[in-house]
Structures are given as structure tokens and as C-alpha cells.
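Just so we're on the same page, the working numbering is the position in the sequence shown counted from 1, plus 499. Ideal placement from N, C-alpha and C gives every residue a C-beta, glycine not left out. All of these numbers come straight from a predicted model, not from anything done at the bench.
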Amino acid sequence: MHLPASTMLGMGRQGLISVNLWNLFAPELRWLGEELDILNERKTGG
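Written out as C-alpha cells, the structure reads:
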């Protein structure tokens, strides 16, 4: 998720906090998505 600089400036400090949180949690969310994909493949017999 890459926001344009103008959007970042418009959101101000709150925006920076949310972007930092996103960067913090993105790897975990990606891992979770991969885990769910694996489970779905097992369910469908893939």
C-alpha cells in the first residue's frame, strides 16, 4: 500500500501512524493469507 505524498501530508500525523501500523502488520497479514490459501487448497483437495 503506497500512498502519494499529497495524501500523506493531507492525513498528517494520523496518516503516518496508520501507515506505520500497516507496515508493522503487513507481513503477518500476508502470512495469514498464505495460511488460509493452504487450508483452502486442502479443503478442495488441491
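Rounded to whole angstroms, the separation of the alpha carbons of Gly532 and Val518 is 20 Å.
Rounded to whole angstroms, the gap between the alpha carbons of Gly514 and Leu520 is 10 Å. The three-state reading of DSSP puts Gly514 in helix, counting H, G and I together. Taken through DSSP and simplified to helix, strand or coil, Gly544 comes out as coil.
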